[in-house]
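The listed protein sequences derive, respectively, from chains X and C.
Position 157 (the first sequence) corresponds to 157 in my numbering; numbering is contiguous.
With the second sequence counted from 1, adding 1000 to any position gets you my numbering.
Okay, so here's the structure we're looking at.
2 protein chains.
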Amino acid sequence: MVGKKEIKFIKSLRNKKFRINNNCFVVEGKKSVNEFLKSDYKLVKLYTVSKTIINIDKQEVIDKNLLEKISFLKNPDDYLAIFEFTKPTKIRKNNFIVALDSVSDPGNLGTIIRTCEWFGVNDIICSLNTVDCYSPKVIQSAMGSVSRVNISYLDLKKYFEDNKSCLVGTSLNGNSIYDLKKPIKKGVIVFGNESHGVSSKLQEMMNIKIKIPKYNKSMYPESLNLATSVGIVLSKLMKIS
Amino acid sequence: MVGKKEIKFIKSLRNKKFRINNNCFVVEGKKSVNEFLKSDYKLVKLYTVSKTIINIDKQEVIDKNLLEKISFLKNPDDYLAIFEFTKPTKIRKNNFIVALDSVSDPGNLGTIIRTCEWFGVNDIICSLNTVDCYSPKVIQSAMGSVSRVNISYLDLKKYFEDNKSCLVGTSLNGNSIYDLKKPIKKGVIVFGNESHGVSSKLQEMMNIKIKIPKYNKSMYPESLNLATSVGIVLSKLMKIS
Chain X
1 MVGKKEIKFI KSLRNKKFRI NNNCFVVEGK KSVNEFLKSD YKLVKLYTVS
51 KTIINIDKQE VIDKNLLEKI SFLKNPDDYL AIFEFTKPTK IRKNNFIVAL
101 DSVSDPGNLG TIIRTCEWFG VNDIICSLNT VDCYSPKVIQ SAMGSVSRVN
151 ISYLDLKKYF EDNKSCLVGT SLNGNSIYDL KKPIKKGVIV FGNESHGVSS
201 KLQEMMNIKI KIPKYNKSMY PESLNLATSV GIVLSKLMKI S
Chain C
1001 MVGKKEIKFI KSLRNKKFRI NNNCFVVEGK KSVNEFLKSD YKLVKLYTVS
1051 KTIINIDKQE VIDKNLLEKI SFLKNPDDYL AIFEFTKPTK IRKNNFIVAL
1101 DSVSDPGNLG TIIRTCEWFG VNDIICSLNT VDCYSPKVIQ SAMGSVSRVN
1151 ISYLDLKKYF EDNKSCLVGT SLNGNSIYDL KKPIKKGVIV FGNESHGVSS
1201 KLQEMMNIKI KIPKYNKSMY PESLNLATSV GIVLSKLMKI S
């Protein structure tokens, strides 16, 4: 039996503050829930409408109406689970790392995490003001990838100062990604905010600046979607290397 | 003075049925409104909170509360305009065309339209069941590109039968886009639904099948975001050609 207090608690996890205070977050949908169950994240509780998942404790069958009440989705799937946070593991520096500076759209962040996993990027480092990767919209658009990619929030400037590596920044003044002659074997690829790009204090630190050139030189469109840009750059760099 | 009936009318344009019945749609945000004003779309009426736009008839200054009431956005910009539909122009076949089969997510469609414009694709053809490009979410995520890219809704199978051209389909069984030896100079690049890909009746018609290979062969992630895939494929094909 799920009481009022429990319902209120689940709904409160929409907010970062409550997620941090309670050390947990919500995952929805059978596929994503299953992927988190296979990961290092510890299940707190699973709510399911139809059938329970075999070999899992801490689950409760609830009716559809209740699920719709506690769900963050317009069309909720039959599974909603609460998981405990895990601490990010040590950042591995022997491959590409993706750094995100002030990314604000949760749908973009989720898509970027999924794209990073596709291209074999295991570590994402986010500026402290980047949207929280445990927000429901990020979890939803990342389609389970949050359970496998190592995501750390830190002071990017300090990290770059303390960890010398090749910094590749996206910039309007960069060189075309199609003209890169020398393969980049490892390093940090830095993407910026949806409207403002990589902040100027970080731009100064970049060793290589790249851009995705526009087909024609007309004014429009002003930019590409950020998650799309990440896909294009990773596709190009991973292939070159 | 904006009356109740007018408010109801604007809000009704959230639905495709009402857009079609009234031959018009909503554009929000100063940037997008300005881009539509420069296009062939005819303005029906502009609602603005702060200042009117110079040299434009049919505008009304309203207060912020009213704008929030009629807006489709969580954080409305100060401009909301209604434009009349235009008929799509004739499809140009001397370049790449992007075909979308049963695309269902409006955010994806908007991002795809914006990406197409970036890479110089002027014509997009959509299956009849693809989400409407005049839906508010599409207009929003396309960032003005709907005003410049020629988008037609048609029976894709019939179009492919009637218009012989090189059909390039994305498929799990396709060849890696990185292994394409022969440049593809023109043709139709076909992308499918977010969950089911290109439908089997269209798959049979493809001349070339391509895929974006995954970095490692593990099970996850199962797929890339559709709009990201479109960006990666266009970036690769446009560069080869």
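Glycine included, every Cβ here is placed at the ideal spot set by N, Cα and C.
Segment limits, alpha helix (DSSP H) that includes residue i
i	result
D162/X	L156 to D162
K1201/C	S1200 to Q1203
V44/X	No alpha helix (DSSP H) contains V44/X, which is instead part of the beta strand (DSSP E) from L43 to T48.
L100/X	Unbroken run through L100/X is the beta strand (DSSP E), F96 to L100; no alpha helix (DSSP H).
S32/X	K30 to L37
S12/X	K4 to S12
N65/X	K64 to I70
G1281/C	The structure shown does not extend to residue 1281/C, since chain C is modelled only from 1001 to 1241, so the question has no answer here.
R92/X	No alpha helix (DSSP H) contains R92/X, which DSSP labels as neither H nor E.
P136/X	P136 to A142
K17/X	K16 to N22
The beta strand (DSSP E) enclosing residue i, as first and last residue numbers
i	result
C1126/C	D1123 to C1126
K211/X	I208 to K211
S1152/C	N1150 to Y1153
F83/X	Y79 to E84
V188/X	G187 to F191
S176/X	L167 to S176
V1061/C	Q1059 to V1061
Own chain residues within Cβ distance below 7 Å of residue i, not counting five before or after
i	result
F1009/C	none
G107/X	K137 and S141
R14/X	F72 and P136
D123/X	I91, R92, I97 and N150
E35/X	G144 and S147
K1069/C	I1007
L1156/C	A1099, D1101, I1125, S1127 and L1202
S176/X	K211 and P213
7 Å Cβ cut-off: residues of chain X touching residue i
i	result
G1174/C	Those within 7 Å of G1174/C in chain X number zero; the least Cβ separation is about 15 Å.
A1227/C	N225 and T228
K1158/C	Within 7 Å Cβ-Cβ: nothing; K1158/C doesn't reach chain X, min ~29 Å.
G1192/C	None at all; the shortest Cβ gap to chain X is about 17 Å.
N1216/C	G120
Close-in-space but distant-in-sequence residues of the same chain around residue i (CB under 6 Å, 5 per side omitted)
i	result
T86/X	D40 and Y41
Y1153/C	C1126 and L1128
F1119/C	L1234 and M1238
N207/X	C166 and L167
L1100/C	C1126, T1130 and F1191
I53/X	none
T1089/C	N1150
Chain X residues whose Cβ lies nearer than 9 Å to that of residue i
i	result
M1205/C	Result: empty, since nearest Cβ-Cβ is about 26 Å, beyond 9 Å.
S1145/C	Y220 and P221
Proximal chain X residues relative to residue i, where beta-carbon distance stays under 8 Å
i	result
E1117/C	Y220 and P221
Cβ separation of residue i and residue j, assumed to be a contact under 8 Å, to the nearest whole Å
i	j	result
C166/X	V146/X	Not quite, the Cβ-Cβ distance comes to about 27 Å (not below 8 Å), so this is no contact.
L1043/C	F1083/C	6 Å
N225/X	T1111/C	5 Å
G1231/C	T1115/C	5 Å
Listed by chain order, chain C residues near residue i by CB distance under 8 Å
i	result
M1/X	Near M1/X there are no residues of chain C at all, since even the closest Cβ is about 34 Å away, more than 8 Å.
Y178/X	K1239
Nonlocal neighbours in the same chain, by C-beta distance under 8 Å from residue i, ignoring five residues either side
i	result
K58/X	L43, V44, K45 and L46
E28/X	S71, F72, L73, P76, D77, Y79, L80, A81, P136, I139 and Q140
Y1178/C	P1213 and K1236
L172/X	G197 and K211
K1030/C	D1077, D1078 and Y1079
I113/X	I124, C133, V138, A142, S145, V146, V149 and I151
Listed by chain order, chain C residues near residue i by CB distance under 7 Å
i	result
I232/X	G1231, I1232 and S1235
Listed by chain order, chain C residues near residue i by CB distance under 9 Å
i	result
I212/X	W1118, G1231 and S1235
Within 7 Å of chain C by C-beta, residues of the stretch 27-45 of chain X in sequence order: Flagged, chain order: E35.
Residues, ordered as in the chain, of the stretch 91-118 of chain X that lie near chain D by beta-carbon distance below 7 Å: No chain D appears in the structure shown, which is made up of the protein chains X and C.
Chain X contacts from the stretch 1010-1022 of chain C (Cβ-Cβ distance under 9 Å): Cβ contacts with chain X: none found.
Chain X contacts made by the stretch 1128-1152 of chain C, where a contact means CB separation under 9 Å: Listed by position, the residues of the stretch 1128-1152 of chain C near chain X (Cβ gap below 9 Å) are S1141, A1142, M1143, G1144, S1145, S1147 and R1148.
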